[in-house]
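Protein chains in written order, with my numbering: chain E, 467 to 839; chain H, 695 to 1092.
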């Protein structure tokens, strides 16, 4: 009665309608999700109706059946799984990203399985050969996924070990591990008649040792040095003095500058501080920063000396002590022709606790006003 | 039977075609009111007929094939593969059409992206579900903006001036579109996108956010107001003033106290002072997910509220502004919202229960996803007496 293609569409329409009822009962009868699900049901009913009317995809019709393979295709659950995945995808669009992602995964998996099953069933009239074709095709997909996952697990396990041991022991461990891999590889290549089971056992043993060690290392946590560095805020605490700092400026040369989405560019050239707004050619002495909005400002040093840009953003009262503390933010030390980005997010207008300024330690008496309306 | 079907088909097609006709269409893309929109319009008039002809041909052919060759149990026709002449023709003809369209389109894109002739800059910030405009200090056509102006809902620009909008967003992606003045431009968090607009004559032009941005996307509207040079100077002068305190022992003064108690948590009124004489500074960053709420210092100088969704003017007064001639438009707009023109009905409804008028994520039970902060204005549970006082106070914010 129903053509193959229309079954898929009517399946989605049915599940969409059912989903809408469930959504109405369990979530919210007036939510946009109900409308979305009913919209899907109506749209897929329409498409299914057209497919049914035109006989599209009707492999069972007398004419198309002439060209179909003599071997009848087996029943497939993948159209149903695909329909379920489509509903997950569309429900996820209006509700939860996790459901949306789950829908994508189900659709991809079901689509691939369905396509390969359908293709393999028509490869020949020999069902055994068809199964072989299907497995061969699926292996080429499944193997990279399993290998990729395996490599990722090994990398995570190894990284946990390296983060747990001291840097010196880590270097020794790395050398030992690499040497072991090299020796095993050398032996395998030397003894070409080595049993496959021996090679497999060696690999499994190595993997188990690595995974168990990684698990233990992950359970014990990072080495003391890293823990204390994180506790002392070495990585995010900004030291905004004129001199180069021990931790904050350590890798300034590796900093990646943001080249897009900038609001203004602050330049130091010939010892002079200037500001330029995107879209306006002439330099300005004041930069407007929107309240409560992340604003990216680029700092470009064109002089030989190293400088950093410092944002002086008023003061705040510390709740416990009542002491007024200056709010300061800054870039890392920036060498000649280097650029650094400073992202400001200011919640109070400059009139309330300003004036806010941008300064460069070492270039005294010069500043760019920061206006927060 | 066949004639009846054709008749029904024609009637349905005519109804759909006529549904596109409207006398009151403020967002009509075919009515440009500025240089940039005119450039888009010129391109449209070249591309639209071409695309229309191709579209009609393709749809007609598909419909014909669907019905003519539908499965009626007939034998399969002879299957053939490849026809070099048809394939070459079907490749070259579209390529030629697209090349011609492409040349004019790229020319238009580059012209619209020009910023080197900017005469004025306005920062435009989108958030759920309203637009904020701040005017940095600058000199515009001899008029000096000495301190930044901040307003919302209605963008006020001078006529005959190339205005550069520097757009961004505080929360999700929005898209700014005043069809009469230029095309669309996305407002993206963390990015500054540029859009140049220019209006030939004084007038008011409607717009709409065109990037789905959440529950009240359809209610995220905006209007651009173009004023002549003198009227614009008068508007600038007024916007740079602080709000004046209401007269002693008036209902408005009582309303100021309610405002300080309830509204100043999010809404800034420049010049408003607390009981101890210090400036009242709003803290929308502590209460609103986007970290901002409209500045209400000159609320009654604009014609709309709640993201330009509702009118502050009664319908007759609104009509007077929208239908004013270019010569009279400036004075009609600068009158602002007078007492007899105030749309008290909608303003009171809004103060009574804002989420009931405009869908917003303002249910206190559902704030977990937004760090306990509101998206939009919540129901403050104000008493009718407080609403009377607030309306009286807000009416003074000219």
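Every residue gets a Cβ at the ideal spot worked out from N, C-alpha and C, and that includes glycine.
All of these numbers come straight from a predicted model, not from anything done at the bench.
For residue 1008 of chain H, which three-state DSSP category applies? coil
4-residue-minimum alpha helix (DSSP H) runs that sit fully inside the segment 951-1016 of chain H, ordered along the chain: With a minimum length of 4 residues, the continuous alpha helix (DSSP H) runs that stay inside the segment 951-1016 of chain H are 978-981 and 1009-1016.
Which residues, taken in chain order from the segment 810-823 of chain H, show a beta carbon closer than 8 angstroms to some beta carbon of chain E? 810, 812, 815, 817 and 819
Where the beta strand (DSSP E) containing residue 814 of chain H begins and where it ends: 814-821
May I ask you to report which of helix, strand or coil DSSP gives residue 825 of chain H? strand
By the three-class DSSP mapping on this structure, what secondary structure does residue 581 of chain E have? helix
One question on the structure: do residue 845 of chain H and residue 996 of chain H come within less than 8 angstroms of each other, judged by their Cβ atoms? yes
Below-8 angstroms beta-carbon distance, residue 1069 of chain H vs any chain E residue: False, the Cβ-Cβ gap to chain E never drops below 8 angstroms.
For the segment 989-1006 of chain H, which residues have a beta carbon sitting closer than 9 angstroms to at least one beta carbon of chain E? 989
Mind checking which residues open and close the alpha helix (DSSP H) that includes residue 766 of chain E? For residue 766 of chain E, no alpha helix (DSSP H) run applies; the uninterrupted beta strand (DSSP E) run containing it begins and ends at 761-767, by DSSP.
Report yes or no: do three or more beta-carbon pairs, one from the segment 1058-1067 of chain H and one from the segment 1078-1086 of chain H, lie closer than 8 angstroms? Taking a cut-off of 8 angstroms on C-beta distances, the segment 1058-1067 of chain H does not touch the segment 1078-1086 of chain H, as fewer than three cross pairs fall below it.
Neighbouring residues, chain E, relative to residue 862 of chain H (Cβ below 9 angstroms): Residues of chain E passing the Cβ test: 727, 729, 756, 759, 760 and 761.
Where residue 813 of chain E meets chain H, residues with beta-carbon distance less than 7 angstroms: 979 and 985
Residue from H:805, H:779, H:898 and H:830 with nearest C-alpha to residue 729 of chain H: H:805
Distance between residue 744 of chain E and residue 804 of chain E (C-alpha atoms, nearest Å): 19 angstroms
At least three beta-carbon pairs within less than 8 angstroms, the segment 644-654 of chain E to the segment 585-597 of chain E: no
Do you know offhand how far residue 1074 of chain H's Cα is from residue 1022 of chain H's? Each residue's Cα considered, the two are about 40 angstroms apart.
Counting only beta-carbon atoms, is residue 675 of chain E nearer than 8 angstroms to chain H? no
Could you run through the segment 731-747 of chain E and flag, in chain order, every residue whose CB is less than 8 angstroms away from some CB of chain H? 743, 744, 745, 746 and 747
Residues of its chain near residue 815 of chain E, where Cβ-Cβ distance is below 8 angstroms and the 5 sequence neighbours each way are ignored: 757, 838 and 839
Please confirm if residue 858 of chain H has its CB atom under 8 angstroms from at least one CB of chain E. Yes, its Cβ sits closer than 8 angstroms to a Cβ of chain E.
Three-state secondary structure (DSSP) of residue 560 of chain E: helix
Apart from the five residues just before and just after residue 883 of chain H, which ones in its own chain have a Cβ nearer than 8 angstroms to its Cβ? Cβ within range, chain order: 862, 863, 864, 865, 866 and 867.
Closer than 9 angstroms by beta-carbon distance: list the chain E residues that pair up with residue 888 of chain H, in chain order. Those within 9 angstroms of residue 888 of chain H in chain E are 744 and 745.
Backbone CA spacing between residue 988 of chain H and residue 759 of chain E [nearest angstrom]: 14 angstroms
Residue 844 of chain H versus chain E: which residues are under 8 angstroms apart at the beta carbon? 839
What residue does the alpha helix (DSSP H) around residue 774 of chain H start on, and which one ends it? That residue, residue 774 of chain H, is in no alpha helix (DSSP H); it is neither H nor E in DSSP.
C-beta contact flag for residue 822 of chain H and residue 984 of chain H at 8 angstroms: The Cβ atoms of residue 822 of chain H and residue 984 of chain H sit closer than 8 angstroms to each other.
Residue 933 of chain H, enclosing alpha helix (DSSP H) - first and last residue: Residue 933 of chain H: member of the alpha helix (DSSP H) spanning 923-933, first to last residue.
Does the distance from the CB of residue 802 of chain H to the CB of residue 879 of chain H come in under 8 angstroms? No.
Between which two residues does the beta strand (DSSP E) holding residue 843 of chain H run? For residue 843 of chain H, the enclosing beta strand (DSSP E) starts and ends at 843-846.
Grab me the residues of residue 1030 of chain H's own chain with a C-beta within less than 6 angstroms of its C-beta, minus the 5 sequence neighbours each way, in chain order. Around residue 1030 of chain H: 994, 995 and 1092.
Residue burial classification, residue 562 of chain E (beta-carbon count within 10 angstroms, cutoff 16): exposed
Would you say residue 677 of chain E and residue 752 of chain E are within 8 angstroms of each other, going by their C-beta atoms? no
In or out: residue 528 of chain E buried (at least 16 other Cβ within 10 Å) or exposed? In this prediction, residue 528 of chain E scores a pLDDT of 48, lower than 50, which makes its location untrustworthy; the coordinate-derived value is nonetheless stated afterwards. Exposed is the call here.
Please decide whether residue 975 of chain H counts as near chain E, where near means a Cβ-Cβ distance under 8 angstroms. yes
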